[in-house]
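Student: Heads up: the protein sequence lines correspond to chains A and B, in order.
Everything in the first sequence is counted per my numbering, starting at 934 for the first residue and increasing by one.
Everything in the second sequence is counted per my numbering, starting at 163 for the first residue and increasing by one.
We put the beta carbon where it would ideally sit given N, CA and C, even for glycine.
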Amino acid sequence: MDMWKEILPSWSAIGEMLIPALVVGLGAIGTYLMLPHRHGVARPRVLFGAGAVAAGLGLLGFVAFWSPPGPVLPTVFLYIFGVTSVIGAVLTITSRDPVASALWFASVVLSTSGLFLLADAPFLAAGTIIVYAGAVVVTFLFVIMLAQMEGKADYDRAARSPAMATVISFLVLWCLVYSVATVRTGPPGDESPMGRLAHEDALHRSYNLETFLGDSDEPVIHQALTPTAQISEPPPPPDPSAPVDRPSGRAEKPNVAGLGASLYSDHLVTAGIAGALLFVALIGCVAITNPRRPIRPGHDPAQVAAVGSIRP
Amino acid sequence: MPATDVFSLDVLRDYLLIGAALFALGMLGFLSRRNLIVMFLSAEMMLQGTALSLVAFGRYHGNWTGQVFTIMILTVAACEASIALALIVILYNRRSSLDVTLWQDIREEGVAATPTSVVAEEAEPIEAIPGPESYPNLTPAGVEPAHPVQPWIVTRD
């Protein structure tokens, strides 16, 4: 009997697995019904409504996994932006009209940048809005205007094996939700696995590590805790009684300035690679959109050069 | 003991959950939709979920690496979007359709072909909007001049 007790999970562990499974399953059923597909003689609008109700219930359960961040305003905005982004994501992939899909994707991007703002990343919030909502969505709309001539096309109303795709995607979501939602901060001295995890070294933050390890005299530890932008400064005085000015990383500079300093010193190669990538993509786009027609046997190369293109 | 941070492990978990939801939904859209544009929007949505997780991790650990990585993701997303749009324009010019099923010739070896009639069979029926037709019925006036009749939509070869 004792052997079984060690192998089998406890009831609370089973509940921790089943509750996310229930929530994710509701969302999966709802999303499956909302995907465009023929389901016998059932009317699409009725199915879409039923799926929306099921997915909404699943979303309510999903929101129950979140925990408020404390103060009122961040809590309110976190819930607003999170719910909006998930609803927008569902409607992006279930809309019959690609234009509606693009607009719902814009709402996902806007709420995501709101979440960036809440996480103290104002530069990324602005950058995301400019890059996505400003350029990508407008260009997608342009392509849609170019391509939408036949109205409601067949392929927009028929999903490709929706049942299997839904099962696979929501299985991934269940795994992620289960592994993320069960990480709880336990009280100190808690010896259960989750309680220990909260005090594990892997979850210590870098500035916490500095308070724990920063007093040691090992230069390796001091270098590892310091951003490389500030390592080139002269080494700290060997006199241990002298006050050592240790940079603390965050709150050293205002947000965007700190990000820029980190990007152009610690991650200089990254910035260079990003520039090279943009350049290669530019060349690739120009090469793709203006293909030279192949010279086939039977066509005169001189004529091809003169006309520019020959229709086969 | 360091001062307690507002961005606790609980808030990090909220961000990770939202990012996971965006990632899974984008994956579902990429796997199950047939429209090329919607597929690319879904891929961008997966990138959004990843960027959200990275920013939250960077904020939690108190360094800039997450945000720098997200800037890299933005760059890759911009490159991907430009190349994807170029490809979509090219593919549309060839087949006059955004259906990804038409491009199944480049599928993996050993995978059975999907007949193109499947798309029309699986498409959900279009519901007619109930109610009388709202366009006004105009009486033609005058004599119609002789002119060549041109179709509105010219389909490409």
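For a cutoff of 7 angstroms on Cβ pairs, would you count glycine 1030 of chain A as touching chain B?
Tutor: It should be noted that the sequence gives aspartate, not glycine, for residue 1030 of chain A. It does not: the Cβ of aspartate 1030 of chain A has no partner Cβ on chain B nearer than 7 angstroms.
Student: Can a CB atom of chain A be found closer than 7 angstroms to the CB of glutamine 266 of chain B?
Tutor: Chain A, which has no Cβ nearer than 7 angstroms to the Cβ of glutamine 266 of chain B, makes this no.
Student: Does the beta-carbon distance from phenylalanine 998 of chain A to valine 217 of chain B come in below 7 angstroms?
Tutor: In this structure, valine 217 of chain B does not lie closer than 7 angstroms to phenylalanine 998 of chain A by Cβ.
Student: Closest by CA to valine 1019 of chain A, which one among B/Arg257, B/Asp261, B/Ile245 and B/Met208?
Tutor: B/Met208
Student: Quick check on this structure: which residue in A/Phe1014, A/Val1116, A/Ser1028 and A/Glu949 has the alpha carbon closest to the alpha carbon of serine 194 of chain B?
Tutor: A/Ser1028
Student: Which of the residues in the segment 1014-1027 of chain A, read from start to end, lie with their CB under 8 angstroms from any CB of chain B?
Tutor: Gly1015, Ser1018, Val1019, Ala1022, Val1023, Thr1025 and Ile1026
Student: Give the residues of chain D in contact with glycine 188 of chain B, contact being defined as C-beta atoms less than 8 angstroms apart.
Tutor: The structure shown has no chain D; the protein chains it does contain are A and B.
Student: Figure out for me which residue from B/Cys241, B/Pro307 and B/Ala183 has the closest Cα to the Cα of glycine 994 of chain A.
Tutor: B/Ala183
Student: Mind checking whether leucine 198 of chain B and isoleucine 252 of chain B have CB atoms under 7 angstroms apart?
Tutor: For leucine 198 of chain B and isoleucine 252 of chain B, no; Cβs fall outside 7 angstroms.
Student: How about isoleucine 1206 of chain A and alanine 248 of chain B: do their beta carbons lie closer than 7 angstroms?
Tutor: no
Student: Within the same chain, show all residues whose beta-carbon is closer than 6 angstroms to that of alanine 1184 of chain A, passing over the 5 residues directly before and after it, in chain order.
Tutor: Because alanine 1184 of chain A carries a pLDDT of 48, less than 50, the predicted location of this residue cannot be relied on, and the following value inherits that uncertainty. Answer for alanine 1184 of chain A: no residue qualifies.
Student: Determine the DSSP secondary structure at asparagine 197 of chain B, reduced to helix, strand or coil.
Tutor: Residue state, collapsed to three classes: strand.
Student: Consult DSSP for arginine 1030 of chain A and reduce its assignment to one of helix, strand or coil.
Tutor: In the sequence under discussion, the amino acid at residue 1030 of chain A is aspartate, which differs from the arginine named in the question. Three-state DSSP puts aspartate 1030 of chain A in coil, outside helix and strand.
Student: For valine 1110 of chain A, count the other beta carbons within 10 Å of its own beta carbon; 16 or more makes it buried, fewer makes it exposed. Which is it?
Tutor: buried
Student: Take glycine 1241 of chain A and list the residues in its own chain whose beta-carbon comes closer than 6 angstroms to its own, dropping the five residues that flank it on each side.
Tutor: Its pLDDT being 49, under 50, glycine 1241 of chain A is placed unreliably in this model, and the coordinates cannot settle the point.
Student: Assign tryptophan 226 of chain B to buried or exposed, taking buried as 16 or more other Cβ atoms, counted over all protein chains shown, within 10 Å of its Cβ.
Tutor: buried
Student: Grouping DSSP H, G and I as helix and E and B as strand, with all else coil, what is aspartate 1087 of chain A?
Tutor: DSSP places aspartate 1087 of chain A in helix when its eight states are reduced to three.
Student: Under 7 angstroms between the Cβ atoms of glutamine 229 of chain B and leucine 1043 of chain A?
Tutor: no
Student: Can you tell me where the alpha helix (DSSP H) holding serine 244 of chain B begins and where it ends?
Tutor: 227-257
Student: Could you list which residues in chain B have their beta carbon closer than 8 angstroms to that of proline 1002 of chain A, in chain order?
Tutor: Val168, Phe169, Ser170, Asp172, Val173 and Asp176
Student: Let me know if glycine 211 of chain B comes out buried or exposed under the rule of 16 or more other beta-carbons within 10 Å of its beta-carbon.
Tutor: Note on glycine 211 of chain B: 16 or more other CB atoms within 10 angstroms of its CB, so buried under the neighbour-count rule.
Student: Please report the residue range of the alpha helix (DSSP H) in which valine 281 of chain B lies.
Tutor: 279-284
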